[in-house]
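Trainee:
Numbering (our numbering), first residue to last: 9 to 1131.
#1: Residues in the same chain with beta-carbon distance under 8 Å from residue 605, minus the five sequence neighbours each way, listed in chain order, please.
#2: In whole angstroms, give me the CA-to-CA distance for residue 3 and residue 250.
#3: Use the C-beta contact count for residue 1111: other C-beta atoms within 10 angstroms, 16 or more gives buried, fewer gives exposed.
#4: Can you name, in chain order, every residue of its own chain whose Cβ lies under 6 Å from the Cβ of residue 277, other than the five neighbours on each side?
#5: Determine the burial state of residue 394: buried for a count of at least 16 other Cβ atoms within 10 Å of its Cβ, exposed for fewer.
#6: Who pairs with residue 356 in a beta bridge, going by DSSP?
#7: Can you tell me whether residue 425 is buried or exposed? The criterion is at least 16 other CB atoms within 10 Å of its CB, across all chains shown.
#8: Which residues does DSSP list as the beta-bridge partners of residue 883?
#9: Tell me, to the nearest whole angstrom, how far the beta carbon of residue 636 is from that of residue 734; I am working on the premise that it is less than 8 Å.
#10: Tell me residue 428's beta-bridge partners as DSSP assigns them.
#11: Near residue 1094, which residues of its chain fall below 6 Å by C-beta distance, leaving aside the five closest residues on each side in sequence?
#12: Find the nearest neighbour of residue 202 within the set 233, 334, 177, 97, judged by alpha-carbon distance.
#13: Between 452, 643, 589, which lies nearest to residue 216 when the distance is taken from Cα to Cα?
#14: Measure from the alpha carbon of residue 905 to the alpha carbon of each residue in 1097, 112, 417, 63, then state which is nearest.
#15: With respect to the beta strand (DSSP E) encompassing residue 223, which residues constitute its N-terminal and C-terminal limits?
#16: Is the region 349-365 in contact with the region 872-879, if contact means three or more CB pairs nearer than 8 Å?
#17: Just the Cα atoms here: how many angstroms apart are residue 854 and residue 1003?
#18: If I follow the unbroken beta strand (DSSP E) through residue 496, where does it start and stop?
#19: Taking C-alpha atoms, which residue in 1054, 1101, 1066 lies nearest to residue 1087?
#20: Just to check my reading of the structure: residue 154 and residue 141 have Cβ atoms closer than 8 Å, yes? What is that Cβ distance to the nearest angstrom?
#21: Looking at residue 779: is its Cβ nearer than 9 Å to the Cβ of residue 751?
#22: Within the same chain, show all residues whose beta-carbon is closer than 7 Å to that of residue 211, passing over the 5 residues directly before and after it, in chain order.
#23: Verify whether the separation of the beta carbon atoms of residue 323 and residue 336 is less than 9 Å.
#24: Going by alpha carbons, who is nearest to residue 281 out of 115, 190, 628, 454?
#25: How would you call residue 541, buried or exposed, if buried means at least 16 neighbouring beta carbons within 10 angstroms?
#26: For residue 1023, I'd like the list of residues in its chain whose CB is within less than 7 Å of its CB, leaving aside the five on either flank, ordered along the chain.
#27: Is the beta carbon of residue 97 closer than 9 Å to that of residue 156?
#28: Please list, in chain order, all residues of the same chain as residue 35 whose beta carbon is under 6 Å from its beta carbon, the five residues on each side excluded.
#29: For residue 314 versus residue 295, is the C-beta spacing smaller than 9 Å?
#30: Which runs of the beta strand (DSSP E), 3 residues or longer, sit entirely within the region 478-561?
#31: Rounding to the nearest angstrom, what Cα-Cα distance links residue 305 and residue 915 in this structure?
#32: Using the beta-carbon count (16 or more within 10 Å), is residue 494 buried or exposed?
#33: Please report the straight-line C-alpha distance between residue 468 and residue 899, rounded to a whole angstrom.
#34: For residue 1123, count neighbouring C-beta atoms within 10 Å of its own C-beta (all shown protein chains included) and say buried if the count is 16 or more, exposed if not.
#35: Does the separation of the CB atoms of residue 690 and residue 668 fall below 9 Å?
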């Protein structure tokens, strides 16, 4: 007989045997040869099989949607349904089914209804009403009855925790969760100590893994057999009732082979199954809790008992490098602390051991997430540069003016030394690099003309003390743009901080000209846009709220088109679109524009959030949302239920559902090519109920590869928060995610500022009483003290000279012991607060006197006074800048004190094992709930006719204060109408102050023209001229508007009568003639003894854009080249 080898090839021996048998059979059959033997004649008629298309509106199929331990009944219809129907009334059960919270839900494609939380191995009888309505208006028309048998749940078993530390005291073992799995086979391997760094570099967590991943060499993976050695294998009976999820502990504490200290790797499969994937976990057994804090060149280690939270002394510490070699040894002192001379390396592993306990901390894991604490700021450095200018927005062709002060990290003087400035274009190329020498009191200045043809965009000014340094210590961003200064100001506001459902937006709009006149009669328009707001709570960064799939208008809608009243103050209620329902937070953004008489607009925006309920559930993924969760693992989340202010609102019975999106792809042939499309289906993969408390609650859900969504239903509000995410997109398991945020310890200081010699009194309010550690740290440990913290505990800490910097923080750790009998998991809570230094004595009160109103082309007198600096060497710089420029970028008043004394970033990274402690679950059965491209480089630009635009930016340079601390400065104001922000920055060696006022500049006769920014020969347009009488008396005014260059204006001479403060708007026809140049429009107004004579640039250039073409050719020096 023929046979196959193990590789699937026929063996020659088998083929020979088959031939011999065939020959004997022929010999016995008869003597006459028959060429065809018993071969039958060809027969059979072809059948054209064709699926019958369902054209009527009907039920296509009813089926159980069985995934993991979550069961649903699904009804698929031939046409999409109207989503607003009461499906619970239209689709009924013949028997009582579900709970009050169970309900039919419609899929996104509108064709499938699902009823969740049904019972396994049970037959359900469904009745579909004839009134069920399709989206096209058709109805079922007759009552439909359908029976569905749900069947048994799919067998599944897995480790119940992503933790890697099994508490040694009173442990019940390794938890396993299962459904319909009576027995599992588990093999335990112990990782060789020398291979620990390699192991942790490849395995950040447990989860489902294929045999090829554990055995084969792929990428930079090492086979498990080379990292660990088998020590124990056995079959465990886990039992449980049919179709119920049960939790069972594998008694690792009773297995002799698992008592040797070390890291164990467990591999589990269902007995009798031969799938290609296994569930994995790794763990150590220890009572040693490890917390470390990494500084620049030291590592602080604290060890505490996981059972009691008390510090553990004389714990041996070892650090292994990437090759498994011991590079450092140490031990904790009597307080459980150690300070090691060590610089953190992500490939290293810290091992703490004592007797039979061993804890391990790999440094390739993420540091603790402290984003909920105020620990942000710029990095601390030994010296600092404060850079300022009158503005940050310039036009090509203008001169940039930069000032700077060099100080140490506390704003104190340093030895005079040069600094090196680098000015970079938007494409990153260095435009200029220069060495600046210090002036008096460490002042530096820099001026640079920006060419008219320079690329527009964001330019960078960088300062270095070492020209070869790659990193700049400070700098500022300049914007080079062809802008026009604004002539009006517009403020949008609303007294409502958040909107309630059904409430209109109560808009307050105030507008005025920058030369002081209200926007009387000026047009105002507004557009309203709405969108799902997923991050409405600023105090909870990383949490997502609401439902991003909420159907809302995609386009902004026009909601206001009116005129301002005489006082320029508009009050109006704006209704939200009808599509905005109270189901999720909705961002409401109003964009309002006030129009000059010539048509130019000034636009501002106002944002408010519609908060739909008293409390909402926020979802925080414990992985990078951009990368997604790892495939074949547990996706980890934290949930918080809070009000609009971010205050926790505990509630019970939140239903958490993991929904998977499945895509059915189909190919089509269109336009001579194949293309594909897909339809979506959604399946409930996992469902559970959790309670929300005053702290975040963790949720782990098993995911494979693909698109998912986590739904959290709040029965108290009836709202569902949805968080879509994907799994399996990160390559090679590089996404290590985020460590869970620790519980918070509230810290309160007794004062707003401190100095050396003071005593800090800090009040500690932990979420639970317990032993802990109180630390003061900057870029090193400054102070440490063991504490026994209870709510309201206070501790006094002396402030030393080492604290005189701006990156000093107090950190409190409070440990909570735990054990299996108490069903409490060991944990630590963290509190961090910045310690501000008292610098009030170094912040100078500045007096600034400037006229509230003046006329153009006069001297602006400014008096600056700083009495605290009387008798000291000090300087002041004064700027007067057009507010119409500053408003475009919201440029703030330069503040040296705020810069030098600002909080710096917490320069410490913390790592510990507490987020990896295997939880102490309730061991009883967990029953099912039944029922219910690289940017283009800036190209060289051809010469272009560019209009000169008036930009007012006056600067005094450094002026020395006299013996009384007073400086008097005069600035020449050009022909300009508007508002100047006059700002003064005062500096001494280590004291600083600032002040600003506004001065309105307005001519007796105001003549402001509006016209096109550019014209081409043959174009026609209009010059709009506002003439306003501020002479104080009525009068007659002669107006003359002329064109200089290739421009022609019609009706150029006018006469008008104006009362005091009255305004008139005139329009003049404008035509551009042949000629490419910068033409001018000249405006002259004469009346009441005053005259105005102004010129406005208007470029006349080609009507088509400039084109740059480049070719690369090989040139023959003897041949002609034809272009």
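We put the beta carbon where it would ideally sit given N, CA and C, even for glycine.
As the structure is a prediction and not an experimental result, all values here were calculated from the model.
Mentor: Reading from the atomic positions:
#1: Counted from its first residue, the chain shown places residue 605 at position 597. The beta carbon of residue 605 lies closer than 8 Å to those of 530, 1018, 1032, 1034, 1073 in the same chain, with the five residues before and after it left out.
#2: Outside the shown range of the chain (9 to 1131) lies residue 3, about which nothing can therefore be said.
#3: One-based indexing of the chain shown puts residue 1111 at position 1103. Of the other Cβ atoms in all chains shown, fewer than 16 fall within 10 Å of the Cβ of residue 1111; this residue is therefore exposed.
#4: For the purposes of this step, residue 277 is taken as residue 269 along the chain shown, with counting starting at 1. 193, 286, listed in sequence order.
#5: Counted from its first residue, the chain shown places residue 394 at position 386. Of the residues assessed, residue 394 falls on the buried side of the cut-off, its CB having 16 or more other CB atoms within 10 angstroms.
#6: As a first step, residue 356 is located in the chain shown; it is residue number 348 there, counting from the start. Bridge partners of residue 356: none, in fact.
#7: Start at 1 with the first residue of the chain shown, and residue 425 comes out as number 417. That one is exposed.
#8: As a first step, residue 883 must be located in the chain shown, where it is residue number 875. Per the DSSP secondary-structure output, residue 883 pairs in a beta bridge with 968, 995.
#9: In the chain shown, residue 636 corresponds to position 628, counting from 1. In the chain shown, residue 734 corresponds to position 726, counting from 1. That belief holds up - the Cβ atoms of residue 636 and residue 734 are roughly 4 Å apart, short of 8 Å.
#10: Within the chain shown, the letter at position 420 stands for residue 428. Under the DSSP definition of a beta bridge, residue 428 partners with 443, 472.
#11: As a working note, residue 1094 is residue 1086 in the chain shown. Excluding residues within five positions, the ones whose Cβ falls inside 6 Å are 1046.
#12: Here the question's residue 202 lines up with position 194 in the chain shown. Comparing Cα-Cα distances from residue 202 to each of 233, 334, 177, 97, the minimum goes to 334.
#13: Counting from one through the chain shown, the residue named residue 216 turns up at place 208. Checked all of 452, 643, 589; the closest Cα to residue 216 is 643.
#14: By 1-based counting over the chain shown, the position of residue 905 is 897. Residue 905 has its Cα closest to that of 417, out of 1097, 112, 417, 63.
#15: Within the chain shown, the letter at position 215 stands for residue 223. Following the DSSP letters along the chain, one finds residue 223 in no beta strand (DSSP E) but inside the alpha helix (DSSP H) bounded by residues 219-223.
#16: Because the criterion of three Cβ pairs below 8 Å is not met, the region 349-365 and the region 872-879 do not touch.
#17: On the chain shown, position 846 is the one that residue 854 refers to. On the chain shown, position 995 is the one that residue 1003 refers to. Cα atoms of residue 854 and residue 1003: separation of roughly 6 Å, rounded to the nearest angstrom.
#18: As a first step, residue 496 is located in the chain shown; it is residue number 488 there, counting from the start. Looking at the DSSP string, the run of the beta strand (DSSP E) that includes residue 496 is 496-501.
#19: Residue numbering aside, residue 1087 sits at position 1079 when the chain shown is read from its first letter. Here the closest residue by C-alpha is 1054.
#20: Residue 154 sits at position 146 when you count from the first residue of the chain shown. Residue 141 sits at position 133 when you count from the first residue of the chain shown. Cβ-Cβ separation between residue 154 and residue 141: approximately 18 Å, too far for a contact (criterion under 8 Å).
#21: Within the chain shown, the letter at position 771 stands for residue 779. Within the chain shown, the letter at position 743 stands for residue 751. For residue 779 and residue 751, no; Cβs fall outside 9 Å.
#22: Taking the chain shown and counting its residues from 1, the one referred to as residue 211 is at position 203. So the qualifying residues of the chain are 290.
#23: Along the chain shown, read from residue 1 onward, the residue named residue 323 stands at position 315. Along the chain shown, read from residue 1 onward, the residue named residue 336 stands at position 328. No, the pair does not count as a contact, with Cβ atoms beyond the cut-off.
#24: In the chain shown, residue 281 corresponds to position 273, counting from 1. Just measuring C-alpha positions, the residue of 115, 190, 628, 454 sitting nearest residue 281 is 190.
#25: Within the chain shown, residue 541 is the residue found at index 533, counting from 1. Under this definition residue 541 is a buried residue.
#26: Looking up residue 1023 in the chain shown gives position 1015. Within its own chain, the residues whose Cβ lies closer than 7 Å to the Cβ of residue 1023, once the five positions on either side in sequence are excluded, are 1029, 1080, 1106, 1108, listed in chain order.
#27: For the purposes of this step, residue 156 is taken as residue 148 along the chain shown, with counting starting at 1. For the purposes of this step, residue 97 is taken as residue 89 along the chain shown, with counting starting at 1. Cβ atoms of residue 156 and residue 97: not closer than 9 Å.
#28: Sequence index remark: in the chain shown, residue 35 carries index 27 (1-based). For residue 35, the pLDDT reaches just 37, beneath the cut-off of 50, and the residue's location in the model is therefore unreliable, leaving the point undetermined.
#29: The residue labelled residue 314 in the question sits at position 306 within the chain shown. The residue labelled residue 295 in the question sits at position 287 within the chain shown. Yes, the pair counts as a contact, with Cβ atoms nearer than the cut-off.
#30: Counting only runs of at least 3 residues, the region 478-561 fully encloses the following beta strand (DSSP E) elements, listed from N- to C-terminal order: 482-488, 496-501, 513-521, 531-540.
#31: Mapped onto the chain shown, residue 305 falls at position 297. Mapped onto the chain shown, residue 915 falls at position 907. Rounded to whole angstroms, the gap between the alpha carbons of residue 305 and residue 915 is 12 Å.
#32: On the chain shown, position 486 is the one that residue 494 refers to. Here residue 494 is buried. Its C-beta has 16 or more other C-beta atoms within 10 Å.
#33: As a working mapping, residue 468 is identified with position 460 in the chain shown. As a working mapping, residue 899 is identified with position 891 in the chain shown. Rounded to the nearest whole angstrom, the CA to CA distance from residue 468 to residue 899 is 16 Å.
#34: Stepping through the chain shown from its first residue, residue 1123 is reached at position 1115. With fewer than 16 Cβ atoms within 10 Å of its Cβ, residue 1123 is classed as exposed.
#35: Within the chain shown, numbered from 1, the residue matching residue 690 stands at position 682. Within the chain shown, numbered from 1, the residue matching residue 668 stands at position 660. Closer than 9 Å, so yes.
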